[in-house]
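Sequential numbering of the sequence shown, starting at 1, is according to UniProt numbering.
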Amino acid sequence: MSIQLICNINKQFTSLHVGCTGSLHDSNVHQQMKIAQTTQEFYEKNHYLLSDSAYESSPWVVLAYKGAVAQNEDNCPFNYCLAKSRVRIEHAIGILKGQWFSLREMKNQMRDNHEIEYFVSWVVSCTILHDMLAQIGDEWFDLYEDYDPPHAENLANNNIGEDVVNMREKIKPINLAWKKSQL
């Protein structure tokens, strides 16, 4: 059973899709999510989804620079910051599984529709509780805050449209200015 989650900077889940077969590719699951079908409803101006190379590029999805252009003087730090920011979803999922160990023990094989419905309801309930705890200020541990993301030179080259290139170029100076302010 496939679960796809999107979180904000505070590790609160903003979108959830559960119920697709586990063999379905992540990008196909994403395309079935309401957030992918009606993006204007979900994204405010200058808000973007930070994604890995498994997803399609769009004006709302920021992908890392790929191939030789990834080695450009400005693109390397941009890719690093992008990867470091994307780690938040891994943290949020780890926190979710740590809060509800039952999620780690859920069956991968569902025998009937009742088990599928139970699984979906349980996952949705746990993510709602996760967000409620976050809103009231529950203290959770960020064990992987110093995670060093992989460098982009090992990523495959993607064909991306001009609108995506323009959007990425627009947010790159903001990203690099933020990185310099953190030094």
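Note that beta-carbon positions come from the ideal geometry of N, C-alpha and C, so glycine has one too. This structure is a prediction, so every number in the text was calculated from the model and none was measured.
Residue span of the alpha helix (DSSP H) that contains residue i, given as start and end
i   : result
I95 : 75–99
Beta-carbon proximity check, residue i vs residue j, cutoff 7 Å
i   : j    : result
R86 : L49  : no
N79 : A64  : yes
C7  : I95  : no
F42 : T127 : no
According to DSSP, residues forming a beta bridge with residue i
i    : result
F119 : None, per the DSSP bridge assignment.
L129 : Note: L129 sits in no beta bridge, so no partner.
S58  : V61
H17  : Q4
L50  : V62
For residue i, three-class secondary structure by DSSP
i    : result
Q12  : coil
I171 : helix
G137 : coil
E44  : coil
N113 : helix
Status (buried if at least 16 other CB within 10 Å, exposed otherwise) for residue i
i    : result
A152 : Annotation note: pLDDT 44 at A152 (below 50); position unreliable, no value reported.
W131 : Per the sequence presented here, residue 131 reads as Asp, with Trp not at that position. Classification for D131: buried.
S125 : exposed
A83  : buried
I3   : buried
K11  : buried
K66  : buried
S58  : buried
A68  : exposed
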